[in-house]
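Number of protein chains: 4
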Amino acid sequence: MNTIRAGVYGGSGYAGLDLVEILSRHPAIDLVFATSNTYQGDPVPSADLCFVPPDEAALEAVDVIFLALPHRASAAMAKRGIEAGVKVVDLSADLRMDSPEAYQTHYDSPHPHPELLPAPYGLPEINRANLAGVDVVATPGCYPTTALLGLYPLLRHNALSADAPVIVDAKSGVTGAGRKPSLSTHFAEVYSNLIPYKTGRSHRHIGELEQEAHKLTPRMGPIIFCPHLLPVDRGLMASIYVTLNDCFDSSQAQDLFAEAYGSEPLVEVLPAGEQATLKHAVKTNRCAISITPVLERYLHITSVTDNLRKGAASQAVQNMNLMFGIDETTGLI
Amino acid sequence: MNTIRAGVYGGSGYAGLDLVEILSRHPAIDLVFATSNTYQGDPVPSADLCFVPPDEAALEAVDVIFLALPHRASAAMAKRGIEAGVKVVDLSADLRMDSPEAYQTHYDSPHPHPELLPAPYGLPEINRANLAGVDVVATPGCYPTTALLGLYPLLRHNALSADAPVIVDAKSGVTGAGRKPSLSTHFAEVYSNLIPYKTGRSHRHIGELEQEAHKLTPRMGPIIFCPHLLPVDRGLMASIYVTLNDCFDSSQAQDLFAEAYGSEPLVEVLPAGEQATLKHAVKTNRCAISITPVLERYLHITSVTDNLRKGAASQAVQNMNLMFGIDETTGLI
Amino acid sequence: MNTIRAGVYGGSGYAGLDLVEILSRHPAIDLVFATSNTYQGDPVPSADLCFVPPDEAALEAVDVIFLALPHRASAAMAKRGIEAGVKVVDLSADLRMDSPEAYQTHYDSPHPHPELLPAPYGLPEINRANLAGVDVVATPGCYPTTALLGLYPLLRHNALSADAPVIVDAKSGVTGAGRKPSLSTHFAEVYSNLIPYKTGRSHRHIGELEQEAHKLTPRMGPIIFCPHLLPVDRGLMASIYVTLNDCFDSSQAQDLFAEAYGSEPLVEVLPAGEQATLKHAVKTNRCAISITPVLERYLHITSVTDNLRKGAASQAVQNMNLMFGIDETTGLI
Amino acid sequence: MNTIRAGVYGGSGYAGLDLVEILSRHPAIDLVFATSNTYQGDPVPSADLCFVPPDEAALEAVDVIFLALPHRASAAMAKRGIEAGVKVVDLSADLRMDSPEAYQTHYDSPHPHPELLPAPYGLPEINRANLAGVDVVATPGCYPTTALLGLYPLLRHNALSADAPVIVDAKSGVTGAGRKPSLSTHFAEVYSNLIPYKTGRSHRHIGELEQEAHKLTPRMGPIIFCPHLLPVDRGLMASIYVTLNDCFDSSQAQDLFAEAYGSEPLVEVLPAGEQATLKHAVKTNRCAISITPVLERYLHITSVTDNLRKGAASQAVQNMNLMFGIDETTGLI
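As structure tokens, then:
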């Protein structure tokens, strides 16, 4: 296996720190730099490096860059990476929407580099065929990853009723809100609390979620999405409630999921009767899913990831493995 | 105000402890005894008493008894209380179902005292008219209280679609699982975790929930109910997703709730745009509700209580106040 | 009881919020205003007011002001209050040191109003005689309150060895670090962690602690003080380890404490053999203390308060009660 | 490297689960069985095995057994292992005391197999020379490991005052209390709390701690040891306060520690001025130590481990590596 030289932009955020940790143990990776404005000069935990400011990072010394940057900053850096001939794994939202118009709708500003769209959507279990060998990948958000994996076996079989909404009641650990201090992530505000936010259809991830779902099926109602801030540091649970159409019975669902994910190393379908909990996924690189049939037409699915791993850093590495043609799970299991 | 002499059976469980605390500060109450098998002889926190075993409690010395006992044990004690001529506020499940058959269905055993059914269902905001001056009241469970208060303004106006399910994704603090030690309440099992349990329609509270909802309207789909164990000590959130029928628009919901609860001292409807969080209700005797319209026909409601207060102990006291004809909020605000 | 008109400066910090809650239920208090720059215009939780900016607060409309402000800002406001003829209860550090020189030593800047020093030190259980009817009181810090109450019965009897240090290993909930967001109070940094900070003799509270201890006895070694940030929202435990001198035996300590605090309504000495835990004090206005004799000359004392109550807000109200000559525990038990 | 066949007794407790996880990734280990009475038949997390009851475990199929059993049960199994000619790594307290008399003193019952005593004490950083190639090792308790590593550089240089006590204020996550449900490990009892227990000199670990300390120096005062139950799942902090004798100055301590542990891969001495926090050690196999000089003669040391790793399972594996003559850190870094 040839060594792949990698650089991480935004290495001191929570996703960046997990990314650096995974890359530093990845057998094919030589981690060349990790950037941070806030922590420049400080040692990078779990790597033999110090954080450098972005403009001291040497693009010419790497084969691939990971962008764990705020949106807008990320697109600019992706552009620079592409021009420099390095592969780009973007963890921000900048490359996830297929069109500048969709980006404008959900992010309230013009896309800074519309020529970059569309980029391949890096959810390998659904979109693997479009990721092998490519130069740029948009790594999905934590909520869309978890929800789409919980819906995929149903969507690809057109199993949902077109007339009923898909309910996604989601709960995320606080690292999902980023490392920048704010009152909403202050310990004393979150502790012992549970906080719904951006409910209904107002969270930005709804655009990405519906865009990708509609590629799989035209037949589904609107997604109603309510995220909650959970008083834990990491882990994300999407509780999904769907209505099946007349061609499907909820008792068939376990088989549909087993078939879809039977050979997937990073998705675990729990046996019928067991429930996926946060602990099934936290500090792992996997998604865990449980299926509960409820009456004939209704189904309850629990899909769980670590928001910083399968919801961000480890999925980015999974994408990179595909981009370089090495085994998809290298460094991940 | 005449003094009401009260006794608490099961005073050392979590609901019992909150009950004793509320009663000991209640201006009309003289707390005569609190029973506990496990802690007999120990001082009762927040009261000037020691726990006594149940058979040393003097029924003839009290005007009312509160039963915070396991189901089945509670029915037997309710029977004894009634025969002794004292009023009975039951916090267990034993008097909540209207018929022995329904009890058998949900509790998997014959009702120990079928002659006690039906008893008035003690959710004052919905059923106040049937509680004034009565001798026995069944205090609702924490999940049904929280969900029914979140649905009531819609149910009484027949606002729901008859063809769509009502989704109740609920999250409860660990005191809801009782004080008896078990692996499922071990600190290290719950900490940093989130655990769905008895999902779909398998939790016992579903029977009580649908029984009471159907008294308000025949027009609604099945309730799909998924409780989760939340890593906090107290607080309960019911996230409710409903489909409205053609006569209603989601933008009307805020007004329906404001109208229903405008004069209710123990239900707080948050202003449009705000979200109810666990902290709105924990350590209070109130239910807090927020309403989020989602597209024209869909509505997301968040209803929050303290599972040990409005979900148990303070609602029991609210019922007692009604039973004795004193102001309903005495000792509660 | 005549009504006392009160104003709170800094009402939106954690201590300020508890203070407003206590004052709004205090039978002798009419809460006239609560100031906040950050939250001006927002409703004050637990009171029928909105936060006003400090310059809109009407000093002439109140009899007493509480200052829950950053140090330096507090001294300036204390000065204004005194000049306006209102009583001042300061919760900041500005009036706690007896001399400008001591202030300079521990706060690294000249005292903004040296003419205000010394002010009576508001720890009523130790210094009650100097608080009755006065116009200004410095309310102690949370660490000194908890540590001094744990040491007082020994200090006043000259029971400590002069040659051995007094060890104070303290643990505080995160509200003790204030409400202003910072990385050190970010949920994900504190959760599952335990963080020593400003250890040895570098925390500012050491000055106040030794100043007051030395007023009680000249006979004690240096205090070694290590605070830790505990992953809970509120509560403070001081674990104190002392060496007794030859005149005392550790077996006498329980009696010394019982004697000192037997008639104190806000200090609870636990029976021999029991240990004070955080739950003994959280959300109460009391300090709880347990005493463990260890060999003949060594003693381990655990002293616990709620850092926002007896460590701040409720002690401020206790002081105010003394300043106005009303029962010291009014509004507190 | 030859494969070492290993069996784990008591694999479903918290230490047992970590042990199985470490062994299943250890490059030299073939994990043959893991026993559990409670969970027999269930899959072993992180291994391709199911739990078997102890009497179905085949001693003849393994080269080494790990005993994560309750004390007394452990000694009996150690005896059987020795007689069967397999190496024994005991994680219980049964082999830690050097004499049956000392065991009787601290465990209140006669030692079940006095002929097994003394066994080598498996704290490699202190006692490595006595562990190479041996057949039986007593793995130390979590508190003694953490405290002894924090004291070792001082003890071996006779740096402590003989007249002053050594204070060990310790805080442990709840897994330290074992997996068996009890009220004291119930989530709602521990959450938001901090609980001192077995304080002074009453905790059983004091015997082991002083026994090993006295082998290093005769010159030290008594150890005063106060453990606390911390509301986190794992991690242990020992806050140590010592008085130095006239030959040493606290400013020399950083060098003493750097010298003692400079080449130790599993002990991290933090740079002067930094403080060891729980996060430095949790989910690692290391001990992290920080040193704070306080005046000339006093020193504050913070020593931190993961109670289930360096405090139990990973230290057991470290010992096993030494017993089989392979690199001490195999499978651990």
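Protein chains in written order, with our numbering: chain H, 1 to 333; chain P, 334 to 666; chain B, 667 to 999; chain L, 1000 to 1332. Every residue gets a Cβ at the ideal spot worked out from N, C-alpha and C, and that includes glycine.
Identity of the residues DSSP links to residue i by a beta bridge
| i | result |
| --- | --- |
| S1035 of chain L | None; S1035 of chain L has no bridge partner. |
| A904 of chain B | B:A836, B:S969 |
| G1006 of chain L | L:F1032, L:I1064 |
| P153 of chain H | In the DSSP output, where bridge partners are listed per residue, P153 of chain H has none listed. |
| D90 of chain H | H:L67, H:A138 |
| C1286 of chain L | L:V1266 |
| T243 of chain H | H:Y298 |
| V52 of chain H | H:T35 |
Proximity to residue i [Cα-Cα], best of the options
| i | options | result |
| --- | --- | --- |
| H613 of chain P | H:P218, H:S192, H:G141 | H:S192 |
| D381 of chain P | P:Y372, P:A390, P:P387, P:F366 | P:F366 |
| T701 of chain B | B:G682, B:A804, B:Y675, B:D684 | B:Y675 |
| T3 of chain H | H:D63, H:S46, H:D55 | H:D63 |
| D496 of chain P | P:E416, P:H439, P:L577 | P:L577 |
| D388 of chain P | P:P376, P:A409, P:P378 | P:A409 |
| N824 of chain B | B:E934, B:R738, B:V908, B:L896 | B:V908 |
| A804 of chain B | B:A759, B:C892, B:T812, B:I792 | B:A759 |
| T1291 of chain L | L:R1285, L:K1282, L:N1284, L:T1301 | L:T1301 |
| I1205 of chain L | L:I1194, L:L1193, L:I1223 | L:I1223 |
| A1056 of chain L | L:H1110, L:E1020, L:A1275, L:N1036 | L:N1036 |
Under the three-state DSSP convention, the category residue i falls into
| i | result |
| --- | --- |
| V20 of chain H | helix |
| C226 of chain H | strand |
| K215 of chain H | helix |
| V1202 of chain L | Position check: residue 1202 of chain L holds His in this sequence, whereas Val was assumed. Reduced to three states, the DSSP call for H1202 of chain L is coil. |
| P196 of chain H | strand |
| H852 of chain B | strand |
| P457 of chain P | helix |
| V940 of chain L | Coverage of chain L is limited to positions 1000 through 1332, which leaves residue 940 of chain L absent and any answer about it impossible. |
| T958 of chain B | strand |
| L117 of chain H | coil |
| L1159 of chain L | strand |
| P1042 of chain L | strand |
| R691 of chain B | helix |
| L542 of chain P | helix |
| L392 of chain P | helix |
| H668 of chain B | Contrary to the premise, residue 668 of chain B reads as Asn rather than His in this sequence. Looking at N668 of chain B - three-state DSSP - the assignment turns out to be coil, as it is neither helix nor strand. |
| H1279 of chain L | helix |
| Y103 of chain H | helix |
Buried or exposed by the 16-neighbour rule on C-beta atoms within 10 Å, applied to residue i
| i | result |
| --- | --- |
| R1095 of chain L | buried |
| K1086 of chain L | buried |
| I333 of chain H | exposed |
| A571 of chain P | buried |
| E1188 of chain L | buried |
| H214 of chain H | exposed |
| G262 of chain H | exposed |
| E83 of chain H | exposed |
The ligand NAD heavy atom lying under 7 Å from the CB of residue i
| i | result |
| --- | --- |
| D94 of chain H | The ligand content of the structure shown is nil, which means the ligand NAD is not present either. |
Open item on the list: If contact is defined by three or more beta carbon pairs under 8 Å, each pair taking one atom from either stretch, is the segment 159 to 169 of chain H in contact with the segment 871 to 887 of chain B?
Closed with: no
Open item on the list: With three or more C-beta pairs closer than 8 Å as the rule, is the segment 1174 to 1190 of chain L touching the segment 1088 to 1108 of chain L?
Closed with: no
Open item on the list: Would you call the segment 217 to 230 of chain H in contact with the segment 115 to 134 of chain H, where contact means no fewer than 3 C-beta pairs closer than 8 Å?
Closed with: no
Open item on the list: With three or more beta-carbon pairs closer than 8 Å as the criterion, would you say the segment 808 to 823 of chain B touches the segment 192 to 205 of chain H?
Closed with: no
TODO: Taking 8 Å as the threshold, find out whether the segment 974 to 988 of chain B comes into contact with the segment 681 to 694 of chain B through three or more Cβ pairs.
DONE: yes
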